[in-house]
Amino acid sequence: MTQSLSAAAGNHPDRQPAVNHRHIMAAVQIQWRALMLAVAAIVTVLFYWLAYMTQMSRITQILDNASFTATWVHCMITPEMDQDTCYELVKSSLPSFPLMLSADILAGLIGFWLFILFAKRSLWREWNDLIYDIRLTLTGSNFKKNREQFFTL
Numbered sequence: 044m045t046q047s048l049s050a051a052a053g054n055h056p057d058r059q060p061a062v063n064h065r066h067i068m069a070a071v072q073i074q075w076r077a078l079m080l081a082v083a084a085i086v087t088v089l090f091y092w093l094a095y096m097t098q099m100s101r102i103t104q105i106l107d108n109a110s111f112t113a114t115w116v117h118c119m120i121t122p123e124m125d126q127d128t129c130y131e132l133v134k135s136s137l138p139s140f141p142l143m144l145s146a147d148i149l150a151g152l153i154g155f156w157l158f159i160l161f162a163k164r165s166l167w168r169e170w171n172d173l174i175y176d177i178r179l180t181l182t183g184s185n186f187k188k189n190r191e192q193f194f195t196l
């Protein structure tokens with residue numbers, strides 16, 4: 044009875060799977076930036092979604108209560124009342140300002156994380172050269188940092 048190597052390999056339960064620990068670590072070492080960006084994006088989206096879903100239900104309760112809304116509108120249009128007084132009426136039904144601010148800031152930082160994670164040394168050099176060239180253009184100087192690098196003979 045002869046078997047091929049691939050058929051015989053499937054019959055041994057103690058055989059290592061095709062993907063082992065070393066392969067996974069090599070993939071993580073190669074793709075760590077993309078992995079970090081994916082984790083940052085997932086955390087940001089989850090935090091943003093949870094913050095808004097838990098807090099927006101408080102505002103929808105105001106919409107369902109017409110007498111509460113009418114009381115607040117009456118407070119706002121009364122000349123003797125100010126915004127601070129009217130705010131106290133709806134304070135319990137409004138979302139948490141620090142929570143909403145942190146959710147929006149975290150969502151806005153995705154581009155920052157993208158820039159930081161994928162920035163290379165050559166990118167910093169290019170930005171430095173661009174800023175230097177703009178500064179020379181604005182000051183009117185003829186001096187160039189790097190003279191012509193390629194010569195024809």
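Counting in this note's numbering, the final residue of the sequence shown is number 196, and the numbers go up one at a time with none missing.
Positions of the beta carbon are idealized from the N, C-alpha and C atoms, including for glycine.
Burial state of residue i (16 or more Cβ within 10 Å)
i, result
"A94", "buried"
Cut-off 7 Å between Cβ atoms - residues of its own chain near residue i, not counting five sequence neighbours on either side
i, result
"M124", "C118"
"G154", "none"
"G183", "none"
Rounded separation between residue i and residue j - CA only
i, j, result
"L160", "R65", "24 Å"
"L78", "V71", "8 Å"
"Q126", "F90", "30 Å"
"W156", "S165", "18 Å"
"I174", "R76", "27 Å"
"L181", "D172", "14 Å"
"S100", "A109", "16 Å"
Residues of its chain near residue i, where Cβ-Cβ distance is below 6 Å and the 5 sequence neighbours each way are ignored
i, result
"L142", "A94"
"A83", "W156"
Other residues of its chain near residue i: CB distance less than 8 Å, five sequence neighbours each side excluded
i, result
"T114", "L132"
"T112", "I105, L106"
Specify whether the region 147-157 and the region 125-134 touch according to this definition: at least 3 beta carbon pairs, one from each stretch, less than 8 Å apart. no
Determine, using beta-carbon pairs with one atom in the region 95-112 and one in the region 133-144, whether at least three such pairs fall under 8 Å. yes
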